[in-house]
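Sequential numbering of the sequence shown, starting at 3, is according to this note's numbering. For every residue, glycine included, the Cβ atom is placed at its ideal position computed from N, Cα and C. Everything on this sheet refers to the single structure shown next.
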Amino acid sequence: MAEEYFNYINGKWSRASSGKTYENIDPANGDVLGLFPLSGPEEVDRAVEAASRSSAKWRKLPAPKRAEILFRAAEIMVQRKEELARRMTMEMGKVLKEARGDVQEGIDMVYYMAGEGRRLFGDTTPSELPNKFAMSMRVPIGVVAAITPWNFPLAIPTWKVMPALVAGNTVVFKPSPFTPESAYHVVKILEEAGLPPGVLNLIYGEGSALGVPLVEDPRVTLISFTGSVKVGNEVAQRASRLGKRYSLEMGGKNAIIVMEDADLDLAVEGIIWSAFGTSGQRCTAASRILIQRSILGRLTERVVGAAERLRLGHGLLPTTDVGPVINQAAVDKILGYLKIGVEEGAKVLTGGYKPTEGEMGKGYFIKPTVFGDVKPHMRIAQEEIFGPVTDLIAFDTLEEAVKINNDTPYGLVTSIFTRDTNKAFRAMEDITTGIVYVNAGTIGAEVHLPFGGTRGTGNGHREAGQAALDVFTEWKTVYVDYSGRLQKAQMGD
Ligand code: UN1
3 MAEEYFNYIN GKWSRASSGK TYENIDPANG DVLGLFPLSG PEEVDRAVEA
53 ASRSSAKWRK LPAPKRAEIL FRAAEIMVQR KEELARRMTM EMGKVLKEAR
103 GDVQEGIDMV YYMAGEGRRL FGDTTPSELP NKFAMSMRVP IGVVAAITPW
153 NFPLAIPTWK VMPALVAGNT VVFKPSPFTP ESAYHVVKIL EEAGLPPGVL
203 NLIYGEGSAL GVPLVEDPRV TLISFTGSVK VGNEVAQRAS RLGKRYSLEM
253 GGKNAIIVME DADLDLAVEG IIWSAFGTSG QRCTAASRIL IQRSILGRLT
303 ERVVGAAERL RLGHGLLPTT DVGPVINQAA VDKILGYLKI GVEEGAKVLT
353 GGYKPTEGEM GKGYFIKPTV FGDVKPHMRI AQEEIFGPVT DLIAFDTLEE
403 AVKINNDTPY GLVTSIFTRD TNKAFRAMED ITTGIVYVNA GTIGAEVHLP
453 FGGTRGTGNG HREAGQAALD VFTEWKTVYV DYSGRLQKAQ MGD
């Protein structure tokens, strides 16, 4: 019998009022891992009520004290890292090494944001008038709705929940229904670390049932969303109509540019890791490889060879390089794009199908796929596929490569492999994505730097780093006049 898990509302673990549950499934073999509540508007209401009621007290607790709870949570996470990673591999599919990385990224973020408890810096600055003091400080926004995806089941929740909490906000957390157990562990650990009831509330269920009431509840003041463009745009429309703040992180069509002077061994390793790591299900995945024409033949052969050597399997097996994708809908979407690519005239150089034999048949596996002869404006080179599929595109000059790179609806990450410093710096300047790597793959952002992108990737905000604090706080500017007379700024006396 699968274990039953509960919502966490106002410090209590409880069933959904509907009594309904759904099964959390291992995407590699269909095993049932647990039963989770299918909540509805009633749970949203209760969770928001709890977050809203606990807000006044939480924001008054000094930030260093709030941070102590985060530090304790980080320590528990360190102790449980292996167990968290194994359970994540089972519910999400990513190979164990990467699941450990996901947990580590979460731990890094908890420590980083806990450190903010003793920073949360504002500015003090001279006033233009004598005997007047000027400063700015960060203040919490209120109740945050954190809506998170399945591809980083632990790291991305920490990107939202931790800065929100340390800054003095309270939270309603709605994780993806496909990775509910990792969300449970994050919340359980914070509970064990001493987070007061109501400050963080967890509701499980379908986005279609919970999303609208959560976004539209007048007590929710900020929505932090990571997920699809379709849902993100809907969040944006609803939130902006109600005058709410929202922060969106939605996807990418990231490229690796390989110049003819590059270290090709390094480039091949970077391409394979970035295109097929997490089965291509990162918004940072490299789904376009732009190759200077003089090395096209050589590099193509090596990338295809390396992709062919990747072993599919259950993420817990040490022999597995690439795990399954998340669910049947993902399989259908990816297979749909494989068909579109062929119809558009691209050539499948390796992969291009769903293996069905033996163990493979039980899971959502897609053979790592490389498309050749791809033209920059094909749909497979413009739209996010979110699977183990990458496109090879030829170019002649750096200018052309940068233009192809910049010309998609997204703007998250680009990397360039070159040994020429002049080219590297020119590319850094002209590339218009939010993140640029030189001589590294497109994946592997670190938590203390801003994360996010331009164009359709988001709405201009950044997660992680100090930039995250701009999402989860607002500025209060304070002037103190101790002159004893009414001084008038800009009036010249
Ligand atoms: C995501 O795919 O949504 O840079 C986040 C990376 C990870 C984060 C990815 N640190 O690939």
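Cβ-Cβ distance between residue i and residue j below 7 Å
i	j	result
Ala442	Phe453	no
Gly207	Asn12	no
Ala287	Leu216	no
Glu251	Thr280	no
Tyr114	His463	no
Phe278	Pro390	yes
Met90	Ala101	yes
Gly124	Arg68	no
Pro357	Lys369	yes
Asn203	Ala18	no
Pro411	Gly458	yes
Thr23	Val145	no
Gly315	Cys285	no
Glu310	Thr352	yes
Thr420	Ala264	yes
Asp104	Ala157	yes
Thr434	Asn461	no
Residue i versus residue j - alpha carbon distance
i	j	result
Val350	Ala308	15 Å
Val188	Lys490	51 Å
Leu414	Gly455	4 Å
Ile336	Phe373	13 Å
Glu386	Val141	37 Å
Ser276	Phe8	36 Å
Gly196	Ser184	19 Å
Gly272	Ser417	9 Å
Arg290	Tyr355	19 Å
Gln294	Val305	14 Å
Met94	Ile258	26 Å
Gly245	Gly436	26 Å
Asp47	Val173	13 Å
Thr127	Gln468	20 Å
Val34	Glu25	6 Å
Val440	Ala426	7 Å
Met380	Ala116	45 Å
Ile225	Ser249	6 Å
Gly42	Glu345	42 Å
Gly347	Val438	30 Å
Buried or exposed (CB count within 10 angstroms, at least 16 for buried), residue i
i	result
Ser296	exposed
Phe135	exposed
Pro132	exposed
Ala331	exposed
Ala58	exposed
Asn424	exposed
Asp28	buried
Gly343	buried
Leu488	exposed
Pro39	buried
Ser210	exposed
Tyr484	exposed
Met261	buried
Host alpha helix (DSSP H) of residue i (start-end)
i	result
Val231	231-243
Thr91	83-94
Glu303	298-311
Ser54	43-62
Lys335	330-346
Val214	209-218
Pro165	157-168
Asp472	469-474
Trp275	266-278
Arg247	No alpha helix (DSSP H) holds Arg247; the beta strand (DSSP E) holding it covers 247-251.
Ile191	182-194
Asp393	First-last for Asp393: 391-397, but that is the beta strand (DSSP E), not the alpha helix (DSSP H).
Endpoints, the beta strand (DSSP E) within which residue i is located
i	result
Gln294	288-294
Val438	437-440
Ala136	134-142
Leu37	34-39
Asp432	Unbroken run through Asp432 is the alpha helix (DSSP H), 423-432; no beta strand (DSSP E).
Glu465	Neither: Glu465 is in no beta strand (DSSP E) and is coded neither H nor E.
Integer-rounded CB distance, given that residue j should sit under 8 Å from residue i
i	j	result
Phe180	Trp152	4 Å
Met111	Thr160	4 Å
Ala429	Leu400	7 Å
Thr302	Leu394	6 Å
Met79	Gly108	6 Å
Gly325	Lys96	5 Å
Asp88	Leu98	Checking the sequence, you will find Arg at residue 88 rather than Asp. Correct: roughly 7 Å between the Cβ atoms.
Min CB distance residue i to chain B below 7 Å
i	result
Gly460	Judged by its chain identifiers, the structure shown contains no chain B, having just a single protein chain.
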